[in-house]
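Single-structure report; data block below.
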Amino acid sequence: MAAPAKPIARSTERTRFWRAPMLQSAPLRISVLIICFLWTLPTAGLFISSFRNPQLITQTGWWTALIHPFEQGWTLQNYQQVIGSNGMGEAFLNSLIVTIPATVIPITIAAFAAYAFAWIPFRGRGILFTIVVALLVVPLQMALIPILQIYSGLGLYGTFVGIWLAHTAFGLPLAIFLLYNFMSQLPRDLFESASIDGASAFQTFTRIVLPLSIPALGAFAIFQFLWVWNDLLVALVFLGGTTPVLTYQISNMVTSLGSGWHLLTAAAFISMALPMVIFFALQRFFVRGLLSGSVKG
């Protein structure tokens, strides 16, 4: 009769073992839920306000729509006015023209540079990489005026080429740093095998390194796309009002006296539509890219 007691004891021990982590993680889960709630609360208020009547927006808070949902007079007027405003379609196309090359160009250059820093020995490699990493702490605002003066002399002000080069220069340090951390963790055996088979450095890069680096490339592509798409400062300095992008067009909807700000609630979600599609499409690469290189295999 004493024999069945051991499995019962083991089962009790296992139950206690699994209950303890659950109890310990309860405060963590509650904290995460609270942080998520506070983080999404302004976005929820913005989303609700985008469907409210402009008069009600100025008179009552957005939370009243939750208290009296059937008395608010929901409307699509804000979205219709934003989409139908003059120049919005052109600004959307200008944002695409700016964002796509400003994402592809730095990723391409950074991939070659990160591969060279990680696996191609050359003189001064450590010093150059230190300089690249040090550029991460330099605020881009310090470079706007000098670059603008150079652009004025070269005739690049107000051109797409000028803003492509600016975004490329501002995004390269972080891109090289992130891709280097990933590529440097690749197994050395892959490169030794490729060298034995007679593959050149370029062939090794295109056939081995690039396919394995897709998660890191996708993660940085999301970062760079969001930064450039939501940028107003760089576009305002190097393009101005001659070639308005979406953020510039949206900012002009509010007058100097502050009227018309209710249109920003709808314009914000219109400008968020494409970045959200890009993010969810590349989400798996984003997560894998962030986790890659954190531990050694």
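Everything in the sequence shown is counted per our numbering, starting at 643 for the first residue and increasing by one. Even glycine gets a Cβ: it sits at the ideal position worked out from N, Cα and C. All values derive from a computational prediction rather than experimental measurement.
Open item on the list: DSSP three-state label for F764, please.
Closed with: coil
TODO: Taking 8 angstroms as the cut-off, decide whether the C-beta atoms of I739 and F802 are in contact.
DONE: yes
Task: Complete beta strand (DSSP E) runs within the region 661-706 (minimum length 3 residues, chain order) - done: Counting only runs of 3+ residues, no beta strand (DSSP E) is found wholly inside the region 661-706.
Task: the region 833-852 in contact with the region 705-712 per 3-pair CB rule at 8 angstroms - done: no
TODO: Throw me the rounded Cβ distance for the G729 and P857 pair, which I believe falls under 8 angstroms.
DONE: So it is not a contact: roughly 38 angstroms between Cβ atoms.
TODO: Just mark T772 as buried or exposed, buried being the case when its beta carbon has 16 or more other beta carbons within 10 Å.
DONE: exposed
TODO: Answer with buried or exposed for A662, where buried requires no fewer than 16 other C-beta atoms within 10 angstroms of its C-beta.
DONE: Because A662 sits at a pLDDT of 49, beneath the cut-off of 50, its placement in the model cannot be relied upon, and the following sentence gives the value as read from the coordinates. Around the beta-carbon of A662, fewer than 16 other beta-carbon atoms lie within 10 Å, marking it exposed.
TODO: Pick helix, strand or coil for D831, following the three-state DSSP scheme.
DONE: helix
Open item on the list: Quick check: what's the CA-CA separation for L670 versus H809?
Closed with: 39 angstroms
Open item on the list: Suppose you measure from the CA of A923 to the CA of G860; what does that come to, to the nearest Å?
Closed with: 10 angstroms
Open item on the list: Here's the rule I'm using: 16 or more other beta-carbon atoms within 10 Å means buried, otherwise exposed. How should V919 be labelled?
Closed with: exposed
Open item on the list: Are the CB atoms of T884 and L874 within a distance shorter than 8 angstroms?
Closed with: It is not a contact, given that the beta carbons lie outside the stated cut-off.
Open item on the list: Below 8 angstroms, how does it come out for the region 861-880 and the region 810-817: are there three or more Cβ pairs, yes or no?
Closed with: yes
Task: Close Cβ partners of L665 (< 7 angstroms) along its chain, the five nearest in sequence each way excluded - done: Since pLDDT at L665 reaches only 47, below the 50 mark, its modelled position is unreliable, and the value read off the structure follows with that caveat. Excluding residues within five positions, none has a Cβ falling inside 7 angstroms.
Task: Burial state of P853 (16 or more Cβ within 10 Å) - done: exposed
TODO: Check whether the Cβ atoms of I881 and V896 lie closer than 8 angstroms to each other.
DONE: For clarity, residue 881 is Leu in the given sequence; the question names Ile instead. Going by C-beta atoms, L881 is not nearer than 8 angstroms to V896.
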